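In my numbering, the protein residues as written are 99 to 813.
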C-alpha cells in the first residue's frame, strides 16, 4: 500500500496522546482501614475490575480513532491491474460502448453490467486530460460525444442501469464510427464492453471500413451458461364438461446444451393456480398450456413462471391479463311486440343471444313491449336494447339516460317506427350521431339486375386494432359479415368533430354501427333493422358472434387478454376514441403518466415509442368515468421480454471480423479461458484509493465510543 500524502502518517504518533492522558489521570489514593466498611470495600473492588475493562476498551477505541484519521489524511492507495487496450501515448479520441441489454443482468454475486461499468471506469482512469472520451449505452439510446472533460461521462457511467431490451451493437458501432470520423481525430479507438451475445450483432447491418481500432472486452463466460426463458402467453376459449374455460399457452425455450425438464407455475391474481412440467431437448422450444375454469366477474393479472434455477431469472416470467365473465341480463324493448314470438322484430336477436341448443351462453334476454318499459326495473339489467321503438314517453327516455349514465349499456336498432326527428330530440346527446333520412341503395333501379344491395365493409377482419366487438372475426373463412346484404338503412349526420367511434361501415362508407361513451356507460347505434326487414344479416353465421360480443361489451363482461400483448422494445400506437383528449397510463412499476395524442391522418394517435420493461400496463382514456380502477381500464397491455435476448450463445471471432471491417480488431476478456504462452491479455495498473474506507472506520469507532460511554454510565 502506498500513500499520496505520506507526511500525514506522522499523525500516528498521536495514538500515544489518549494513553498519556489516561495514565496522567490515574492517582494512587492513600489507604485508611476502617473495620466497619470492610464489606463495602470488597464490593468496590469487584466494581473496579469491571470498570477497568470498559476503560481499556475506550482507550483502545480512541487510539484507533486517531490512527484512522491519520491514515485517511495520508490518502492510501494500491496499484491494481486492469485490462489495457494499447491506448498509446499520443492524443486520441475514444468512444466506449457499454452493452446495457437484458443479458448483461446475469451473474452472481455481481452482474456482468456492474463488471462492465468498472471496466469502463478503469479505462477512463488510463486516459490523459488531453484525450477525448465519449459514451454510448445502446438500449437507452444514450450517446455522449467525445469530450476532454471526463467527469460528466464518469457520472453517467456510475448512475447507469441495465435495461430489459435487446442491444444492437452493430448499429451503434456504425454510429460511433461516424462520430469519430466527424471529429477528424488522428487516433480513433472504439472500446466495446459486452458479453458478445450473437443476437446483438445482426448480419442485416453492413458497416463501412473503419480506419481506427476496435477493442472488444468480453465479459461473457467461456462455457455456455444454461438458460430457460418464456415467450408471450396466448389465450383461447375452451368448452370442457359443459363449462366455459380458457386455455393459457406459453412458449418455453431451452437455450442450453443439454436436455432439461422445465417446471412451471401459473399465478392468477397473486394466487398459485396450477403447476406443470415440460421436457425440452437442447436448444429447442415447446409449448405448455393450462386450462382454467372461468369465474364470474373475473378480472386478474396473471403470469406463468419458470421454477428452474438458471443463469438469468429476469426472463422467467410471462405476463397476461384476463377479465370479464358473469351472466348478463339484457332487456329487449320491442317496438313491434306481439304475442307470437316469431312475429316480433326482436325474434332473431333473442334467439341469437340465448340459443336453445347453446347452453353455454352467458346472456339472459327478456323481451317486453315499449309500453311495459315504464314498469321495468332497469337496475336488474346490464344492457337495454331499443328494437325499433317509437319513443312515446319522455319519462322513459330519462330513465334510460340515468341507466346509461350510471354504467349501463344501451343498444339502439332502427326500423320503420324510428322517427329521426323524435329520436334526435328525445335521445339527444345519447346518440353517437344525429339520425337523418333513410336510404335505399337501389332506388331508381329499372331492372332486377340493377338491384345491388350494399354490404358490410369487412376489411377489418384480421386487423390488430379492430374493435373488441370484432375480435372473433379472425379470417374470412370463419364468419364474414360482409356477406350480408342491406337494402335500407338510415344516414347519419357527418360531424366535423366526431362524438362517437365508427365500428362497422357499409361498402359505400356509410356508418352502420357506432359507439359513444355516456357517463359511466356506453351506447351502440345500429343504423338498420336488427331483423330481416331491411337486411339479411340475421340469417348469416356472423350475426350470432356480432350481437353476442356487442352485449357482452356493453355489459363490460367480455373475456379477453385485456388488450394486446407486446415485447419489450416495441412501439405502441393506439387510436384515441372520439371525445377523448389524452390518456392516463399506469406502468408496470406503478408509475402514472399522462400521454398526449398526436394528429395523424385526421385521427388522434396515442404513441409510446418504446416499452422499456415487462409487466402489465393499464390505459384510461380521458375524460372518463371516475373512479379509475384496473377493472374499468379502457386498454390493458401485457409486455414480455424478447426471447432472443435469453440466448447467450456468443459470436465467434471469425464472424466478428467478417461483420466489422476495421484496420485493427482485438477481443480481450478477463473471463476467457486461460491463454497459452505468449497470448496473455495485456494489463495496465491504476490507483485504487482506500481513504474512504478509513473515513468509514472513523465513523464506526465514534459510534462504538458512544456505546461504551452509555454502557459504563459516563458522560
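Using N, Cα and C, we set each Cβ at its ideal position, and we do this for glycine too. Since the structure is predicted, the reported quantities are computational estimates derived from the model, not experimental observations.
- One alpha carbon belongs to residue 317, the other to residue 797, and they sit about 36 Å apart.
- Here the alpha carbons of residue 755 and residue 650 stand approximately 59 Å from one another.
- Secondary structure note for residue 649: its alpha helix (DSSP H) is the uninterrupted segment 641-652.
- When secondary structure is reduced to three states using DSSP, residue 663 falls in the strand class.
- For residue 271, the enclosing alpha helix (DSSP H) starts and ends at 267-281.
- The alpha carbon of residue 607 has as its nearest neighbour, out of 112, 150, 587 and 334, the alpha carbon of 587.
- Shown here, residue 419 sits in a strand according to DSSP, grouped into three states.
- Nearest Cα to residue 333 within the set 513, 344 and 323: 344.
- Here residue 221 carries a helix assignment [DSSP, helix/strand/coil].
- The region 703-719 and the region 634-646 do not touch, with fewer than three beta-carbon pairs separated by less than 8 Å.
- Within the DSSP bridge table, the entry for residue 718 names 682 as partners.
- Annotated three-state conformation of residue 329 is strand, per DSSP.
- In the three-state scheme derived from DSSP, where H, G and I count as helix and E and B as strand, residue 356 is classed as coil.
- Here residue 591 carries a coil assignment [DSSP, helix/strand/coil].
- For residue 691, the beta-bridge partners assigned by DSSP are 683.
- Here the region 166-178 makes no contact with the region 198-211; the two share fewer than three CB pairs at distances below 8 Å.
- The bridge partners DSSP lists for residue 671 are 705.
- Annotation: residue 238 is outside any alpha helix (DSSP H) and is labelled neither H nor E by DSSP.
- Taken through DSSP and simplified to helix, strand or coil, residue 190 comes out as coil.
- Note that the region 197-204 touches the region 255-267; at least 3 beta-carbon pairs, one per stretch, sit closer than 8 Å.
- Rounded to whole angstroms, the Cβ separation of residue 416 and residue 360 is 12 Å, and the two are not in contact under 8 Å.
- Under a 10 Å Cβ-count criterion, residue 741 is classified as buried, with 16 or more other Cβ atoms of the shown protein chains found around its own Cβ.
- Residues 191 of the same chain have their beta carbon placed closer than 6 Å to that of residue 283, with the five preceding and five following residues left out of the count.
- Counting along the chain, residue 256 sits inside the alpha helix (DSSP H) bounded by residues 249-257.
- In the DSSP assignment, the residues bridged to residue 374 are 362.
- Residue 763 and residue 312 do touch by the CB rule: their CB atoms are close to 5 Å apart, below 8 Å.
- Residue 584 is positioned such that its CB atom lies no closer than 8 Å to that of residue 611.
- The alpha-carbon separation between residue 306 and residue 381 amounts to approximately 33 Å.
- Contact annotation: residue 364 and residue 375 have beta-carbon atoms that are not nearer than 8 Å.
- Listed as beta-bridge partners of residue 697 by DSSP are 702.
- The C-alpha of residue 319 lies about 23 Å from the C-alpha of residue 404.
- Apart from the 5 residues on each side of it in sequence, residue 602 sits with its Cβ closer than 7 Å to the Cβ of 554, 610 and 611 in its chain, given in chain order.
- DSSP, read as helix, strand or coil, puts residue 286 in strand.
- For residue 620, the enclosing beta strand (DSSP E) stretches over residues 619-624.
- DSSP places residue 537 inside the beta strand (DSSP E), whose first and last residues are 533-537.
- Collapsing the DSSP output to three states places residue 529 in coil.
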